[in-house]
Structures are given as structure tokens and as C-alpha cells.
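S.K.:
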Amino acid sequence: MEPLDELEQDAVTELVNLGVSQAAYNLREMIGQQVILSVPSVALMDRLDAIDLLGKSGLSKLVAVSG
Amino acid sequence: VYETLVRQRSVQGTFYLGFAFRAQAVELMSYKVLVVDDSKLAPMAVAKLLRALHPDWTHIEAASADEALAVLKEKEADLVVMDFNMPGRDGLDLASEFRETVPTMPMALISANHQQEIVDRTHAVGATFLPKPLTEQALGEFLAGAVQQLKAAGA
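Sequence lines, in order, name chains A and B. Start counting the first sequence at 2; every next residue gets the next number (our numbering). Start counting the second sequence at 1037; every next residue gets the next number (our numbering).
Given below as C-alpha cells:
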């Protein structure tokens, strides 16, 4: 299943990029040190698959923000 | 009476000359912008703003660093606007690479990552930092500065 076309996928990536960059900017102002950002990579999936993926990613420090 | 006529004529002549000169200057002010971007959506936004600000200008799009460098080497652009975010080669790396090819070309880097360190590094390579989301005003100010720089270099 391909839920989004290339342009729509670009738009979602851009949106995430803006959100993460703003968060990084605010964190940088709080701690006074640059926050290094990786290149955004976006995938759309349902919640259970996302939990599964994060569990397998090996990240030991994970922060989630829920709105 | 004759003297007055001559004076009037010469005044008129100056007028025509001045007018012709101005028309030429306006024509010369059309520039070519290189837009470097590795996504599809963002250059569409840049192109839309460019059209709104300078309908008579043209722009070329490059989706890769090599494509962009080829355009710069052929001197096919007057200024460059870049939004580049690829693994291992970010916009800043690319900007300093471009600088070696075009040491004085007006250059702008568009990025959502507007932390002070990034803005400082952008200025260090001699480029203007334009924060995302890009506004018509921010791009317009960069282009106005670029036109002044290009005119000064051409004079």
C-alpha cells in the first residue's frame, strides 16, 4: 500500500523537519549547546508497528512527546 | 528666442538619453537563480516566491550537488539558493564546496535548523541564512542585497 505520493511524503517530511528543528532550537537555548540533528527520515505506520520498530532500534535513550 | 529653443532642445535631449539609459538598466536587471534542492516540494515553494518577487527573472533547478556544480562552472547562474539535507553532505558542506568555484556569487542557505551555530557557520562561508518556513520578505531581502552586490561587481 502506498498511502502518500512523493510530493505528499515530502510535505510530511518537511513538517516533521520544521517541528524537530524548532524543538532543537528551543533545547539549544535552554542548554546553551548545539543540538546535532540527523537528516530527517519519515515513515508512516500504525502505532503498534511504530512501537515494534522503536523497540528493535536499539536506542537506549528515547524521548517521546505526545500532543 | 533662439537660445531658449536650443536650451529647451538640449534639455529634451538629456531627457531622452536619460530615458533610454534607464530602459537599458531595467533590462539588464534580470538575473538567473540556481535553486539547489534534493526534495521536490521545497523548490516549488522557492520558485513560487521567486515568481512573485521577480517575474522577469529565470531560475534553474538542480537536484544534486554535481548538477549544481556543473551549472556554476559554466557560469549559467548569477546567484544560488540552496536547501540541501542529504546524509553525509549537508547544505553547509555544499556551500563551502560551491565557494571554491564561485568565490563571490551571492548565496543563500535555506534551513529549518536555525540554531546559532548553524547560522554562524553559514555566515562563515559567506552565505546568507534564510530560516524555514521561507517567507517572501526574507527571500526578497536576500535578493535585494544580491542585486546590489552584483551591480557593484559589474560596475
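For glycine and all other residues, C-beta sits at the position ideal for the given N, C-alpha and C.
Please name the residue, chosen from L45(A), A51(A), Q23(A), that lies closest to A12(A) on a Cα-to-Cα basis.
M.R.: Checked all of L45(A), A51(A), Q23(A); the closest Cα to A12(A) is L45(A).
S.K.: State yes or no: is the C-beta of F1178(B) within less than 8 Å of the C-beta of T1164(B)?
M.R.: The answer is yes: Cβ separation under 8 Å.
S.K.: Am I right that S1126(B) and F1134(B) are in contact with their C-beta atoms under 8 Å? What's the rounded C-beta distance?
M.R.: Residue 1126(B) is actually Asp in this sequence, not Ser. Contact flag wrong, Cβ pair sits at about 13 Å.
S.K.: What's the C-alpha gap between S1132(B) and D50(A)?
M.R.: Rounded to the nearest angstrom, the two C-alpha atoms are 41 Å apart.
S.K.: Measuring CA to CA, which of K1187(B), V1138(B), I1146(B) is closest to A1104(B)?
M.R.: With distances taken between Cα atoms, A1104(B) lies closest to V1138(B).
S.K.: Please list the residues of the segment 30–42 of chain A that have a C-beta atom closer than 7 Å to any C-beta atom in chain B, keeping them in chain order.
M.R.: Cβ contacts with chain B: Q35, V36, L38, V40.
S.K.: If you scan the segment 1121–1158 of chain B from start to end, which runs of the beta strand (DSSP E) of 3 or more residues do you find wholly inside it?
M.R.: Counting only runs of 3 or more, we get 1143–1147.
S.K.: Give me, in chain order, the residues of the same chain whose beta-carbon lies closer than 6 Å to that of V43(A); leave out the 5 immediate sequence neighbours on both sides.
M.R.: Correct list, in chain order: V13, T14, V17.
S.K.: Does E1153(B) have its Cβ less than 8 Å from a Cβ in chain A?
M.R.: It does: the Cβ of E1153(B) has a partner Cβ on chain A nearer than 8 Å.
S.K.: In chain B, what lies closer than 8 Å to L19(A) by C-beta?
M.R.: Within 8 Å Cβ-Cβ: A1148, K1168, P1169.
S.K.: If L1089(B) sits next to E1172(B), beta carbons under 8 Å apart, how far is it from one beta carbon to the other, in whole angstroms?
M.R.: Right, their Cβ atoms sit about 6 Å apart.
S.K.: Near R29(A), what residues of its chain come up, given a Cβ to Cβ distance below 8 Å and the 5 sequence neighbours on each side ignored?
M.R.: Within the same chain, R29(A) has close Cβ partners Q35, V36.
S.K.: Between the C-alpha atoms of T1140(B) and V1082(B), what's the straight-line distance to the nearest angstrom?
M.R.: Each residue's Cα considered, the two are about 22 Å apart.
S.K.: Should N27(A) be labelled buried (16 or more other beta-carbon atoms within 10 Å of its own) or exposed?
M.R.: Burial call: exposed.
S.K.: Since I1096(B) and A1113(B) should fall inside the 8 Å C-beta cutoff, what is the C-beta to C-beta distance between them, to a whole number of angstroms?
M.R.: Their Cβ separation, rounded to whole angstroms, is 6 Å, which keeps I1096(B) and A1113(B) in contact under 8 Å.
S.K.: So what does DSSP say about V1072(B), is it helix, strand or coil?
M.R.: Reduced to three states, the DSSP call for V1072(B) is strand.
S.K.: Run through the DSSP bridge pairs and tell me what I1096(B) is partnered with.
M.R.: Paired residue(s): L1070(B).
S.K.: DSSP three-state call for T1164(B): helix, strand or coil?
M.R.: DSSP places T1164(B) in strand when its eight states are reduced to three.
S.K.: Please classify D1074(B): is it buried, with 16 or more other beta-carbons within 10 angstroms of its beta-carbon, or exposed?
M.R.: D1074(B) comes out buried.
S.K.: Output the distance between the C-alpha atoms of Q1184(B) and P1142(B), rounded to the nearest integer angstrom.
M.R.: One C-alpha to the other measures close to 10 Å.
S.K.: Please report how far the alpha carbon of L5(A) lies from the alpha carbon of L1186(B), in whole angstroms.
M.R.: Roughly 42 Å between the two C-alpha positions.
S.K.: Which bits of chain B does L1(A) rub up against, with CB to CB less than 8 Å?
M.R.: Absent from the model: residue 1(A). The displayed extent of chain A is 2 to 68, so no value can be given.
S.K.: Hey, how far is the Cα of S1066(B) from the Cα of V1107(B)?
M.R.: If you take the alpha carbons of S1066(B) and V1107(B), they lie about 18 Å apart.
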